[in-house]
Amino acid sequence: MSIARRIFGLTAAVGLLSQLWACSPIEPWVKPYERERLADPIMAFDRNPVSSAYMDHVIEVRSASRGGSGAAGGGCGCN
Amino acid sequence: MLTRWTRLGLMALTTVILATANAAGDPPAPGFSLPARGGSTIDLSQYKGQVVMINFWASWCVPCRQEMPLLDSIYKKYKPLGFTLLSVNVEPDQKDAESFLKQTPVTFPVVFDAKSKVSGLYNVQGMPTTVFVDRKGNVRLMHVSYKPGDENLYMDQIRTLLRE
Amino acid sequence: MPRSWRGGRWLVAVAAGALCILYGAPSRTDVLPEDRADVLGTYYSGGGQDITGMSVLVRKKVGDHVSLSYNHLEDIVSGASIDVRTSGASPYREKRTQDGLNGEFLYGKTTYTLGVTHSYEPDYRSNTASFGISQSMFGDLTTVSMTYHRTWNDVFKMVCLVEDPALDYHCVEKVHDPSAFNGKPEADMDERSYGVGLTQILTRNSIISANFEVITDQGWLSNPYREIVYASPSNSSGFALAPEVDPSTRTSNALGLDYKYFLPWHAALDLQYRYFEDTWHIRAQTAQIGYTQPWHNFTFDGDFRFYTQTHADFYSDLFSAADAQNFESRNRELSSFNSFTVGTGVSYEFHIPHATFLSRSTANFRIDHFLFDYKDFRDLELVDPSKGIVVGSEPLYTVQLNVMQLFFSVWY
Chain A
2 MSIARRIFGL TAAVGLLSQL WACSPIEPWV KPYERERLAD PIMAFDRNPV
52 SSAYMDHVIE VRSASRGGSG AAGGGCGCN
Chain B
14 MLTRWTRLGL MALTTVILAT ANAAGDPPAP GFSLPARGGS TIDLSQYKGQ
64 VVMINFWASW CVPCRQEMPL LDSIYKKYKP LGFTLLSVNV EPDQKDAESF
114 LKQTPVTFPV VFDAKSKVSG LYNVQGMPTT VFVDRKGNVR LMHVSYKPGD
164 ENLYMDQIRT LLRE
Chain C
609 MPRSWRGGRW LVAVAAGALC ILYGAPSRTD VLPEDRADVL GTYYSGGGQD
659 ITGMSVLVRK KVGDHVSLSY NHLEDIVSGA SIDVRTSGAS PYREKRTQDG
709 LNGEFLYGKT TYTLGVTHSY EPDYRSNTAS FGISQSMFGD LTTVSMTYHR
759 TWNDVFKMVC LVEDPALDYH CVEKVHDPSA FNGKPEADMD ERSYGVGLTQ
809 ILTRNSIISA NFEVITDQGW LSNPYREIVY ASPSNSSGFA LAPEVDPSTR
859 TSNALGLDYK YFLPWHAALD LQYRYFEDTW HIRAQTAQIG YTQPWHNFTF
909 DGDFRFYTQT HADFYSDLFS AADAQNFESR NRELSSFNSF TVGTGVSYEF
959 HIPHATFLSR STANFRIDHF LFDYKDFRDL ELVDPSKGIV VGSEPLYTVQ
1009 LNVMQLFFSV WY
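Chains as they are written, first to last, in the numbering used here: chain A, 2 to 80; chain B, 14 to 177; chain C, 609 to 1020.
#1: As a quick exercise: from B/Trp-18, B/Leu-23 and B/Met-168, pick the residue whose alpha carbon is nearest that of B/Phe-96.
#2: Look at the alpha carbon of B/Ser-72 and the alpha carbon of C/Gly-803, and state the distance between them as a whole number of angstroms.
#3: Does any C-beta atom of chain B lie closer than 8 Å to the C-beta of A/Ser-33?
#4: Excluding the 5 residues preceding and the 5 following C/Asp-866 in the sequence, name in chain order all residues of the same chain whose CB lies nearer than 6 Å to its CB.
#5: Would A/Ser-53 count as contacting chain C if we go by Cβ distances under 8 Å?
#6: Taking the C-alpha atoms as reference points, what is the distance between B/Leu-166 and B/Lys-160?
#7: For C/Tyr-956, which residues of its own chain have a beta-carbon under 7 Å away from its beta-carbon, when the five flanking residues on both sides are left out?
#8: Mapping the DSSP letters down to three states, classify B/Gly-133 as helix, strand or coil.
#9: Exposed or buried, which one is C/Ala-633 when buried takes at least 16 other CB atoms within 10 Å?
#10: Assess, as a yes-or-no matter, whether the region 644-663 of chain C is touched by the region 998-1011 of chain C under the definition of 3 or more beta carbon pairs within less than 8 Å.
#11: In chain C, which residues lie with their C-beta within 7 Å of the C-beta of B/Val-75?
#12: What does a CB cutoff of less than 7 Å around C/Asp-854 pick up in its chain, not counting 5 residues either side in sequence?
#13: State the DSSP-derived secondary structure class of C/Ile-975, mapped to helix, strand or coil.
#14: For the alpha helix (DSSP H) that B/Glu-164 lies in, which residues bound it at each end?
#15: From C/Arg-882, C/Leu-1004, C/His-784 and C/Arg-693, pick the residue whose C-alpha is nearest to that of C/Arg-834; which is it?
#16: For chain A, check one thing: does any of its Cβ atoms lie closer than 8 Å to the Cβ of B/Trp-18?
#17: Applying a beta-carbon distance threshold of less than 9 Å, which residues of chain A neighbour B/Glu-104?
#18: According to DSSP, is C/Ala-892 part of a helix, a strand, or is it coil?
#19: Check B/Ala-110 in the structure and name its three-state DSSP category.
#20: If you check the beta carbons only, do B/Gln-249 and B/Leu-154 fall under 8 Å apart?
#21: Kindly indicate which three-state DSSP category C/Arg-858 falls into: helix, strand or coil?
#22: On a CA-only basis, which of C/Val-950, C/Phe-927 and C/Gly-687 is nearest C/Gly-1000? Give me that one, please.
#23: Which residue comes first and which comes last in the alpha helix (DSSP H) that contains A/Ala-54?
#24: Return the CA-CA distance between C/Cys-779 and C/Ser-698, expressed in angstroms with no decimal places.
#25: Cα separation between C/Asp-921 and C/Arg-891?
#26: Does C/Asn-905 have its Cβ less than 8 Å from a Cβ in chain A?
#27: With a cut-off of 8 Å, does the C-beta of A/Ala-65 fall near any C-beta of chain C?
#28: Identify whether C/Glu-941 lies in helix, strand or coil by the three-state DSSP scheme.
#29: Check each residue of the region 110-142 of chain B: if its Cβ is closer than 7 Å to any Cβ of chain A, include it; give the result in chain order.
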């Protein structure tokens, strides 16, 4: 499957899901005033972006895999 | 103590009432009684006859923290004219609210809704939520979230209600 | 297919997806990232290489709807990894610089992100442009995002013009090899990345994030410094070297999951899994578990990561001849290996006296220890026919690395 078709399929699925949620009778099950634990800094996915960007770079330079974490490019810095 | 079913029933009733607010006129603000900062208890009914601004907040909510000093100046400005601001903290543990208030002191009353009973009663949809209650005890406006500039909206609403 | 048409189809896919998302569910106002500044110093050591680095990031809101950030980083690589040593090249010292500018624009329901990054080192120039769109919906329980990155790379090869063996870093003067890339001094490599992400609050205590990214490369993908080893009985060592040849296209898919759980005694558990595969037939999996424990003004982190990868289909540690295949590589980054990482960090929050414009500041230290255990990459330096260790029978290569980070963060 071509990349464009794959991505279109995914975003269309996401878009459809969001439409379904818009019309669904299901109420958000975690109320805004129940979010104190989720708002705690230790629950953040990326508490220290500069540090995690550096580690992502070290890992990416030493292996074949890339992507899937939300991080972006950069040079080589290696040999 | 209200049983769970009574509370759910009240919540459903309030939701229906608030949802049909436009058709049926302004709904009455659900009554409540909560422990206040300093040890006493505050009941909403003790403010009947005044314009009341109920602000639901939490110390972990960034826009809530941002608007606190502005709410304090609004309170100081309009209190002599028959206005009160009732701050409802929604956190299960008062510790974080207390340490925030030590750093950012306020002069308006703060109550603690540790079990989220009142947040549920008012069907709070986002943080912060600000509810304007008129002198007759009816809900006139519910404003969700805070953006810089919203304090002007608050003051307009307060002035309108004070003129009644 | 013409390149322009491929881009057009992607634009249609993005536009359709964006319309689906934007026209969709009712949503809440999102919040821009906090204003902060970070200064990071890093030290990487292992395998014959030392890399010292620094990185500075400054982020500030401009008005109510915009958050801008600027990042500058530098790495100084010294020494010689096993790849440099076995190719006969000398130890070197080299500096890489990277600058990035990023803007986030919040308009009611949606956050748009734009970014540019420029990375420079003597033999590699990289420019990246990024675009992202993210929408929070369904009472803020769900966030959906899409990202696009486009990178233009210029690759060069440095060769030593003047050498002085008396010095630690023998090479006194380096120049670009004028014919390293089929008779030319430079080659291009383009990369396009398409990502979709979903973040979902599950319960009061848990949240999960899924990220799917397709990356496609084309151009000169071989590493100009990496060589293959082929059997050569006429040499006393039994082998000879030749430059590697990688295919000129590569497409990869990666799916990552990240689950965070709030533990009742006020700590956090983090579980991550990622699956990777590409058109070079590399398959890789990552599993990571992390634990975060705050205690008074301190926050402690511990992480364990396991990574496993299978080799590219044109990879081999030893080829039978110089031209045994159309594509040949002995690049250990494309080999089969397992990697284990143990890491720990400590963060201390403090108040800087008289600095009332700062709402928060932290001092942080982190150390990670890596072990790489190669399954089909051998330690060529241990080949010694006189001792009976012929090429192809030398021990498999393993290497351990230490990565240390010291950084300070302030919020204002």
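For glycine and all other residues, C-beta sits at the position ideal for the given N, C-alpha and C.
Given the structure is predicted, the values throughout are model-derived calculations rather than measurements.
Based on what the coordinates show:
#1: B/Met-168
#2: If I take the Cα positions, the gap works out to 34 Å.
#3: As written in the sequence, residue 33 of chain A is Pro, which differs from the Ser given in the question. Yes, A/Pro-33 counts as interfacial toward chain B.
#4: Ser-817 and Gln-880
#5: no
#6: 11 Å
#7: If we look at C/Tyr-956 and ignore the five residues flanking it on each side, its Cβ neighbours are Asn-905, Phe-906, Thr-970 and Ala-971.
#8: helix
#9: With a pLDDT of 35 at C/Ala-633, under the threshold of 50, the predicted position of this residue should be treated as unreliable, and no value is reported.
#10: yes
#11: For B/Val-75, the C-beta contacts it makes with chain C under 7 Å involve Val-639, in order along the chain.
#12: Leu-829, Ser-830, Phe-935 and Ser-937
#13: strand
#14: 163-176
#15: Closest option to C/Arg-834, Cα to Cα, is C/Arg-693.
#16: Judged by the 8 Å Cβ criterion, B/Trp-18 is not in contact with chain A.
#17: The contacting residues are Tyr-34 and Glu-37.
#18: strand
#19: helix
#20: With chain B covering 14 to 177 only, the question about residue 249 of chain B has no answer from this structure.
#21: strand
#22: C/Phe-927
#23: 50-62
#24: 7 Å
#25: 11 Å
#26: no
#27: yes
#28: helix
#29: Ser-129, Ser-132, Val-137, Gln-138, Gly-139 and Met-140
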